[in-house]
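Here the structure is laid out as structure tokens; the discussion comes afterwards.
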Amino acid sequence: MLNPVWLKSLVAIVQTGSFQSAARALGLAQPTVSQHLQKLEEQVGVTLVQRSRSGCQPTTRALAFMPHATALLDMHARALEALHGNRERVGASSNIGTYLLQPFVRNYLTTANERGEVDLRIAANPDVADQLLAGQLDAAIMEWWLPHPDFEYRLWRVEPLVLIVSPDHALAEAGCIERDRLVDLPMLGGEPGSGT
Numbered sequence: 001m002l003n004p005v006w007l008k009s010l011v012a013i014v015q016t017g018s019f020q021s022a023a024r025a026l027g028l029a030q031p032t033v034s035q036h037l038q039k040l041e042e043q044v045g046v047t048l049v050q051r052s053r054s055g056c057q058p059t060t061r062a063l064a065f066m067p068h069a070t071a072l073l074d075m076h077a078r079a080l081e082a083l084h085g086n087r088e089r090v091g092a093s094s095n096i097g098t099y100l101l102q103p104f105v106r107n108y109l110t111t112a113n114e115r116g117e118v119d120l121r122i123a124a125n126p127d128v129a130d131q132l133l134a135g136q137l138d139a140a141i142m143e144w145w146l147p148h149p150d151f152e153y154r155l156w157r158v159e160p161l162v163l164i165v166s167p168d169h170a171l172a173e174a175g176c177i178e179r180d181r182l183v184d185l186p187m188l189g190g191e192p193g194s195g196t
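Counted the way full-length UniProt numbering counts, the sequence shown spans residues 1 to 196.
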């Protein structure tokens, strides 16, 4: 079994580019970080970091191992959360996370037990969907859904679509507008993947 403390040191070394920076980021002494890497390399039987006078570089094998190391650390953290906490990892698209979800999060935090926490990640719909697929979220609230056999979908709310035009535009006084009247109009919308 790979020691998560050693894995954290490897990830920090690769991400920061030096043993000293990794030690600083982890709040450890540099010799401790060096010892962690040495023990990890001994356990896996391969060199993970090439050391030189100009610094250190991850080996090709270390770079190939990095996604697995970070996934193991994430899984380790989630396992500890399952034992000790009530942390919900929720992803939300920009508009929902910023404008609509905040009262619900506040209500959850005031009614949950003392260990209740919410890790709210706000991003564009495609990024939220990717995080959900990767198992980095417990739930996602988005402006569109991602058809996937392992996910359960529920409609949360229906919002009216509003057309905003200048006061002198031909549709300014139109009231309710049929979709086919909009087909040929030039439009500005939200960022790609925003659902608007």
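Where is the CB? At the ideal position from N, CA and C, for every residue including glycine.
Note that the structure is a prediction, hence the values are computed from the model and not measured.
For the options Val46, Val5 and Gln50, the alpha carbon positioned closest to that of Ser18 is the one of Gln50. Measuring C-alpha to C-alpha distances from Trp144 to each of Asp138, Asp127, Gly135 and Gln136 identifies Asp127 as the nearest.
In this structure, the alpha-carbon of Leu171 lies about 17 Å from that of Pro160.
Three or more Cβ pairs closer than 8 Å define a contact, and the segment 90-105 meets that threshold against the segment 126-142.
Membership of Ser166 in any alpha helix (DSSP H) is not indicated, and neither H nor E is assigned to it by DSSP. Short of 6 Å from the beta carbon of Ala139, and not among the five residues preceding or following it, lie these beta carbons of its own chain, in chain order: Val90. In the DSSP assignment, Ser52 falls within the beta strand (DSSP E) that extends over Val49 to Ser52.
Ser54 is positioned such that its CB atom lies no closer than 8 Å to that of Val33. The alpha helix (DSSP H) runs of length 4 or more contained entirely in the segment 119-173 are, from start to end of the chain, 125-133.
Counting only the Cα atoms, Ala82 lies some 10 Å from His76. Ala174 and Leu188 have their C-alpha atoms roughly 19 Å apart.
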